[in-house]
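Student:
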Amino acid sequence: MAPSITPVQTSQEMPRSTTVAVIGGGIVGLMAALTLAERGIPVTVLEKGRIAGEQSSRNLGWIRKIGREEHDLPLSLASERLWTAMVDRVGADVGYRRAGIMYVARTEAEMAGHRAWLDAVGNALDARLLTPGQIDQLVPGGTGGWAGGIHSPTDGRAEPSLAASAIARAALAKGAVIVEDCAVRTLSMAAGRVSGVVTERGEIGCDQVILAGGLWSRRFLGNLGVSLPTLPLIASVLRTAPMEGPTEIAVGAPDFSFRKRADGGYTITQRGGFVAPLVPDSLLIGHRYLPMLRAQWRNVRLSLGRAFVDDLALGRRWNAAATSPFERVRTMDPPVNEGLNAEAMRNLIAAWPVFGNAVIEESWAGAIDVTPDSLPVISPVAKLPGLTLASGFSGHGFGTSPAAGQLAADLATGATPIVDPAFYRLERLRA
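Structure, rendered in structure tokens:
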């Protein structure tokens, strides 16, 4: 199951050439396309399945600065500015609400982490620490027992089921071409640089390519001899029917989170629980994630099952004339872990009993592409001149997508970058 998104009438014909080809119709690729179209640069988005069919429609919709690493904050701040103006930019409601985000802590050790983060970012943000009493005032009806919390009133949310579609429609209206059900198999090269993309329907000539393939970018690059270390994590999510809840603030606890939806319900997840499916890449690059695993071992549930065999069967090498893995799997649709969703509801109801009245209407799961340092790669690929990579967002891609897509467009076309791209370079991830 996947959340339904607002439908978009995408392009019916594929052009023979363009200036920039974007591989991947998720929200980062669509934001790059919108940026380019607004600048009058011909751009074509090529999506193997449906736009926003994977993580771009399955995420929680949080737009946050709180908890970001210090050198990742400029991207979040730039994205916040762009989200604030998004309705006027795309001419449609994307569900953006600046209602605030709060993290609550059960222990003094957890509070120490919030204090350390706040000390690191200094006065750059409006975030503040909360006492248990202040938590009760901001999110009434709870059973208490919190050691404290941290709150950013200017953080917010948008609706994944609305945002990508609105951005796609705006890009189309401004001249972009978006082609669905069209996988890119590989790149064409001429004189040592990218000259086009080879799709299942034929070749498109171009000057630049932006690879925003999410979980699939590692496999695409691997076929070209470039290593991008990412592994999948699976998050399970549920949504409730419209209900009266305690707050408009999105709340994250160690073992649950909830946020109000535009339809009146709530999006809920077990914030402390992810499934890490063991796949062949786990054997190849899993050692690079050991520091993360040691720090987050309580949150990660290792799983050895069908995912390993299915991944192995997709293959690692193919040529331009062969059916690619992206045609074999149009949409990554992992199974929901109902146990994690049940945990989330039990933990949430124990903390805010009003959720005992919730009616669960839908559940889904999404695959997140995670880098060893949990930061994305938004970077030229030196080995393949003319290729810019925008992947590995590690669960943060929706919130930072406006600036991330613009940064990818800037790098691809030589424009002044919206933020310093140094921290997002691919070279930092070399073993």
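My numbering puts the first residue of the sequence shown at 611, with every later residue one more than the last.
C-beta atoms are modelled at their ideal positions from N, C-alpha and C, and glycine is treated no differently.
1. Taking T850 as the reference, which of A863, A780 and N967 has the closest Cα?
2. Please give the ranges of any beta strand (DSSP E) in the stretch 715-774, keeping only runs that are unbroken, at least 3 residues long and fully inside the region.
3. Rounded to whole angstroms, what's the CA-CA distance from A886 to G650? Just pull it up for me.
4. What are the start and end residues of each continuous beta strand (DSSP E) run of 3 or more residues lying completely inside the stretch 784-868, in chain order?
5. Does DSSP put E657 in a helix, in a strand, or in coil?
6. Does DSSP classify W693 as helix, strand or coil?
7. Please state the DSSP three-state secondary structure of E1037.
8. Evaluate E718 with the Cβ neighbour count: other Cβ atoms within 10 Å of its Cβ, from every protein chain shown; 16 or more gives buried, anything less gives exposed.
9. Can you tell me where the beta strand (DSSP E) holding G976 begins and where it ends?
10. Find the nearest neighbour of G635 within the set A773, W756, V991 and G671, judged by alpha-carbon distance.
11. Should the stretch 761-777 be regarded as contacting the stretch 974-982, the criterion being three or more beta carbon pairs within less than 8 Å?
12. Can you check which of these residues, L838, W727 and E790, is closest to L999 by C-alpha distance?
13. Taking Cβ positions, are R674 and I711 nearer each other than 8 Å?
14. Assuming contact is defined by CB atoms lying nearer than 8 Å, are W672 and A715 in contact in what I supplied?
15. If I measure Cβ to Cβ from T628 and keep anything under 8 Å in the same chain, skipping five residues before and after, which residues do I get?
16. Inspect the beta-carbon positions of L958 and F868 and report whether they are closer than 8 Å.
17. Anyone know if the C-beta pair for L644 and A780 falls short of 8 Å?
18. Kindly indicate which residue of V819, G723 and G701 has the alpha-carbon position closest to the one of G1024.
19. Could you name each continuous beta strand (DSSP E) segment of 3 residues or more that falls completely within the stretch 877-902, going from the start of the chain to the end?
20. Which residue wins for smallest C-alpha separation from I760, given the options L841, G677 and A709?
21. Given A793, which residues of its chain have a CB within under 6 Å of its CB, disregarding the five upstream and five downstream residues?
22. In chain order, what residues of the same chain lie with their CB nearer than 7 Å to the CB of A845, ignoring the 5 residues before and after it?
23. According to DSSP, what are the bridge partners of R956?
24. Is the stretch 662-671 touching the stretch 685-695 in the sense that three or more CB pairs, one from each, lie closer than 8 Å?
25. May I ask you to report which of helix, strand or coil DSSP gives S614?
26. Please report the Cβ distance between L997 and L825, rounded to the nearest whole angstrom; I am assuming they are in contact, meaning their Cβ atoms lie under 8 Å.
27. Give me, in chain order, the residues of the same chain whose beta-carbon lies closer than 8 Å to that of G751; leave out the 5 immediate sequence neighbours on both sides.
28. Taking Cβ to Cβ, would you say R908 is nearer than 8 Å to G875?
29. So what's P575 in DSSP terms, helix, strand or just coil?
30. Reducing DSSP to helix, strand and coil, say where R779 ends up.
31. Buried or exposed: which applies to E1037, given that a residue is buried once 16 or more other Cβ atoms fall within 10 Å of its Cβ?
32. Tell me where the beta strand (DSSP E) around V1045 begins and ends.
33. Go ahead and pull the three-state DSSP assignment for S1001.
34. Specify whether the stretch 615-629 and the stretch 893-912 touch according to this definition: at least 3 beta carbon pairs, one from each stretch, less than 8 Å apart.
35. To the nearest angstrom, report how far apart L985 and E664 are at their CA atoms.
36. Could you tell me the alpha carbon to alpha carbon distance between R940 and V632, rounded to whole angstroms?
Tutor: Looking at the atomic coordinates:
1. As a first step, residue 850 is located in the sequence shown; it is residue number 240 there, counting from the start. Considering only alpha carbons, the answer is N967.
2. Fully enclosed beta strand (DSSP E) runs of 3 or longer: 738-740 and 758-762.
3. For the purposes of this step, residue 886 is identified with residue 276 of the sequence shown, where counting begins at 1. For the purposes of this step, residue 650 is identified with residue 40 of the sequence shown, where counting begins at 1. Taking C-alpha positions only, A886 is separated from G650 by approximately 42 Å.
4. Runs of beta strand (DSSP E) with 3 or more residues, each lying fully within the stretch 784-868, are found at 787-789, 794-800, 803-809, 812-815, 818-821, 841-850 and 860-863, listed in chain order.
5. The sequence position of residue 657 within the sequence shown is 47, counting from 1. Taken through DSSP and simplified to helix, strand or coil, E657 comes out as coil.
6. Mapped onto the sequence shown, residue 693 falls at position 83. In the displayed model, W693 falls within a helix according to three-state DSSP.
7. The residue labelled residue 1037 in the question sits at position 427 within the sequence shown. Three-state DSSP puts E1037 in a helix.
8. As a position in the sequence shown, residue 718 is number 108, starting the count at 1. Exposed, since its Cβ has fewer than 16 Cβ neighbours within 10 Å.
9. Residue numbering aside, residue 976 sits at position 366 when the sequence shown is read from its first letter. Per DSSP, G976 belongs to the beta strand (DSSP E) from I970 to V980.
10. Here residue 635 refers to the residue found at position 25 when the sequence shown is read from its first residue. The alpha carbon of G635 has as its nearest neighbour, out of A773, W756, V991 and G671, the alpha carbon of A773.
11. Touching, no, given that fewer than three Cβ pairs across the two stretches are closer than 8 Å.
12. Start at 1 with the first residue of the sequence shown, and residue 999 comes out as number 389. Distance check between L999 and each of L838, W727 and E790 places L838 closest, using alpha-carbon atoms only.
13. The residue labelled residue 674 in the question sits at position 64 within the sequence shown. The residue labelled residue 711 in the question sits at position 101 within the sequence shown. Cβ atoms of R674 and I711: closer than 8 Å.
14. Here residue 672 refers to the residue found at position 62 when the sequence shown is read from its first residue. Here residue 715 refers to the residue found at position 105 when the sequence shown is read from its first residue. The Cβ atoms of W672 and A715 lie no closer than 8 Å to each other.
15. Taking the first residue of the sequence shown as position 1, residue 628 is located at position 18. Excluding residues within five positions, the ones whose Cβ falls inside 8 Å are P652, V653, T654, V787, I814, G815 and C816.
16. Numbered from 1 along the sequence shown, position 348 holds the residue referred to as residue 958. Numbered from 1 along the sequence shown, position 258 holds the residue referred to as residue 868. The answer is yes: Cβ separation under 8 Å.
17. Against the sequence shown, residue 644 aligns to sequence position 34. Against the sequence shown, residue 780 aligns to sequence position 170. Yes; because the gap between Cβ atoms is below 8 Å, this pair is in contact.
18. To locate residue 1024, count along the sequence shown from 1; it is residue 414. With distances taken between Cα atoms, G1024 lies closest to V819.
19. If one requires a minimum length of 3 residues, the beta strand (DSSP E) runs lying completely within the stretch 877-902 are 884-887, in chain order.
20. Within the sequence shown, residue 760 is the residue found at index 150, counting from 1. The shortest C-alpha separation from I760 is found at G677.
21. As a position in the sequence shown, residue 793 is number 183, starting the count at 1. So the list reads K658, E810, S934, F936 and E937, once near-sequence residues are dropped.
22. Residue 845 sits at position 235 when you count from the first residue of the sequence shown. Cβ neighbours of A845 beyond the five flanking positions: T879, F884, A975, G976 and I978.
23. Sequence index remark: in the sequence shown, residue 956 carries index 346 (1-based). R956 is not bridged to any residue.
24. These segments do not touch.
25. One-based indexing of the sequence shown puts residue 614 at position 4. Look at S614 here: in three-state DSSP terms it is coil, with no helix or strand label.
26. Position 387 of the sequence shown holds residue 997. Position 215 of the sequence shown holds residue 825. Not really, about 18 Å apart at Cβ, beyond 8 Å.
27. Taking the first residue of the sequence shown as position 1, residue 751 is located at position 141. Leaving aside the five residues that flank G751 on each side, the residues in its chain whose CB is nearer than 8 Å to its CB run, in chain order, P856, W962, P963 and V964.
28. Here the question's residue 908 lines up with position 298 in the sequence shown. Here the question's residue 875 lines up with position 265 in the sequence shown. R908 places its beta carbon 8 Å or farther from that of G875.
29. Here the chain comprises residues numbered 611 to 1041, so residue 575 is not present and cannot be evaluated.
30. Within the sequence shown, residue 779 is the residue found at index 169, counting from 1. DSSP, reduced to helix, strand and coil, places R779 within a helical segment of the structure shown.
31. In the sequence shown, residue 1037 corresponds to position 427, counting from 1. Label assigned to E1037: exposed.
32. Nothing about residue 1045 can be reported from this structure: the residues present for the chain run from 611 to 1041 only.
33. Taking the first residue of the sequence shown as position 1, residue 1001 is located at position 391. The answer is strand: DSSP assigns S1001 an E or B state.
34. Between the stretch 615-629 and the stretch 893-912, the count of C-beta pairs closer than 8 Å stays below three; the two stretches do not touch.
35. For the purposes of this step, residue 985 is taken as residue 375 along the sequence shown, with counting starting at 1. For the purposes of this step, residue 664 is taken as residue 54 along the sequence shown, with counting starting at 1. Approximately 19 Å, taken between the alpha carbons.
36. As a first step, residue 940 is located in the sequence shown; it is residue number 330 there, counting from the start. As a first step, residue 632 is located in the sequence shown; it is residue number 22 there, counting from the start. Counting only the Cα atoms, V632 lies some 17 Å from R940.
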